[in-house]
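> The listed protein sequences correspond, in order, to chains A and B. According to my numbering, the stretch in the first sequence is residues 1 to 106, in order. According to my numbering, the stretch in the second sequence is residues 1 to 117, in order. Built from N, CA and C at the ideal position, the CB exists for glycine as well. Pasting a structure here, questions to come.
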Amino acid sequence: GQSLEQPSEVTAVEGAIVQINCTYQTSGFYGLSWYQQHDGGAPTFLSYNALDGLEETGRFSSFLSRSDSYGYLLLQELQMKDSASYFCAGERALTFGSGTRLQVQP
Amino acid sequence: DARVTQTPRDKVTEMGQEVTMRCQPILGHNTVFWYRQTMMQGLELLAYFRNRAPLDDSGMPKDRFSAEMPDATLATLKIQPSEPRDSAVYFCASGLDGLAGRTDTQYFGPGTRLTVL
Numbered sequence: 001g002q003s004l005e006q007p008s009e010v011t012a013v014e015g016a017i018v019q020i021n022c023t024y025q026t027s028g029f030y031g032l033s034w035y036q037q038h039d040g041g042a043p044t045f046l047s048y049n050a051l052d053g054l055e056e057t058g059r060f061s062s063f064l065s066r067s068d069s070y071g072y073l074l075l076q077e078l079q080m081k082d083s084a085s086y087f088c089a090g091e092r093a094l095t096f097g098s099g100t101r102l103q104v105q106p
Numbered sequence: 001d002a003r004v005t006q007t008p009r010d011k012v013t014e015m016g017q018e019v020t021m022r023c024q025p026i027l028g029h030n031t032v033f034w035y036r037q038t039m040m041q042g043l044e045l046l047a048y049f050r051n052r053a054p055l056d057d058s059g060m061p062k063d064r065f066s067a068e069m070p071d072a073t074l075a076t077l078k079i080q081p082s083e084p085r086d087s088a089v090y091f092c093a094s095g096l097d098g099l100a101g102r103t104d105t106q107y108f109g110p111g112t113r114l115t116v117l
């Protein structure tokens with residue numbers, strides 16, 4: 001099985017950079033995914049890391065260190081529309097973390 | 001614009017009634033997932049199918065829940081009898097297993113908001 005831990009809430013201001021961490025414990029590892037979910041909406045895929053290192057997609061980047069069982073999602077040039085919950089997911093996205101609620105303030 | 005569809009979007013029912021939720025995965029995807037989301041428990045995997053075969057339903061209460069894929073274009077999740085504690089948003093997601101035998105990206109449907117009175 002797998003468990004993933006994330007902070008419950010993060011607050012940042014428009015234009016800033018924010019990092020959302022995810023630590024995991026697993027008996028088997030198949031990569032770390034990140035999903036975004038706006039209130040009342042469905043989760044949408046953001047990124048996936050199968051190997052160590054940084055994956056960049058526009059303003060969003062995701063990092064993985066398998067030796068540290070740790071990953072993070074980096075959001076740059078924050079916009080108000082980035083206010084949402086962010087989930088890390090492991091084990092082929094069969095297990096989700098509890099989610100981090102990001103509040104972007106003007 | 002391919003997307004996962006789910007019906008109904010909202011369902012209000014009384015305790016003891018049967019509830020059936022339907023999902024149409026994206027054409028060509030070979031994996032289907034059912035999740036339940038509540039404030040208290042977050043996103044929980046209920047069932048996972050690959051090529052219509054159930055691979056993992058360990059998260060599903062077997063006494064009242066059942067999940068099936070009658071064909072490649074339809075997945076169903078049934079609750080019989082329903083209970084107030086089943087009130088949640090139920091999401092279906094589909095994906096495509098790569099060469100490594102795993103789905104790296106899942107596409108979620110809009111969800112079914114179930115309320116059991």
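Where does G58(A) land, buried or exposed, given buried means 16+ other C-beta within 10 angstroms?
So G58(A) ends up on the exposed side.
> At the level of alpha carbons, what is the spacing between R50(B) and E56(A)?
29 Å
> Can you name the residues of chain B whose CB is closer than 9 Å to the CB of G99(A)?
G42, L43
> Please confirm if D56(B) has its CB atom under 8 Å from at least one CB of chain A.
yes
> Taking 7 Å as the cut-off, is the C-beta of S69(A) nearer than that to any heavy atom in the ligand ATP?
Because no ligand of any kind appears in the structure shown, any question about the ligand ATP cannot be addressed here.
> Just to confirm the assignment, what range does the beta strand (DSSP E) spanning S47(A) have?
44-49
> So with CB distances below 7 Å, who are the chain A contacts of P110(B)?
A42
> Which same chain residues end up closer than 7 Å to P8(B) when comparing Cβ atoms and leaving out the 5 residues on each side of it in sequence?
T112
> For D57(B), which three-state DSSP category applies?
Note: D57(B) maps to coil in three-state DSSP.
> Using the three-state DSSP reduction, which class does K78(B) fall into: helix, strand or coil?
Residue state, collapsed to three classes: strand.
> Please classify G15(A) as buried or exposed, where buried requires at least 16 other C-beta atoms within 10 Å of its C-beta.
exposed
> Y48(A) touches chain B at which residues, Cβ-Cβ below 9 Å?
Counting only Cβ-Cβ distances below 9 Å, Y48(A) has contacts in chain B at D104, T105, in chain order.
> Just the Cα atoms here: how many angstroms apart are Q80(B) and T23(A)?
37 Å
> With 16 other CB atoms within 10 Å as the buried threshold, where does L54(A) fall?
exposed
> Can you tell me whether DSSP reads P7(A) as helix, strand or coil?
coil
> Is the shortest distance between the beta-carbon of F29(A) and the beta-carbons of chain B less than 8 Å?
no
> Using a Cβ-Cβ cut-off of less than 8 Å, list which residues of the segment 56-71 of chain B approach chain A; keep chain order.
D56
> Considering only residues of the segment 56-93 of chain A, which uninterrupted beta strand (DSSP E) runs meet the minimum length of 3 residues and lie entirely inside it, listed in chain order?
60-65, 70-75, 84-90
> For the beta strand (DSSP E) holding Q17(B), just list the boundary residues, first then last.
That residue, Q17(B), is in no beta strand (DSSP E); it is neither H nor E in DSSP.
> Would you kindly work out how many angstroms separate the C-alpha atoms of T26(A) and Q2(A), rounded to a whole number?
Going from the Cα of T26(A) to the Cα of Q2(A) covers about 4 Å.
> In angstroms with no decimal places, state the Cα-to-Cα distance between W34(A) and Q17(B).
36 Å
> In the DSSP output, what is Q41(B) paired with across the bridge?
The partner list for Q41(B) (beta bridge, DSSP) is empty, contrary to what the question assumes.
> Between the beta-carbon of Y48(B) and the beta-carbon of F33(B), is there less than 8 Å?
yes
> Using only alpha-carbon positions, find the residue among I26(B), A93(B), T115(B), Q24(B) that is nearest to E83(B).
Cα-wise, what sits closest to E83(B) is T115(B).
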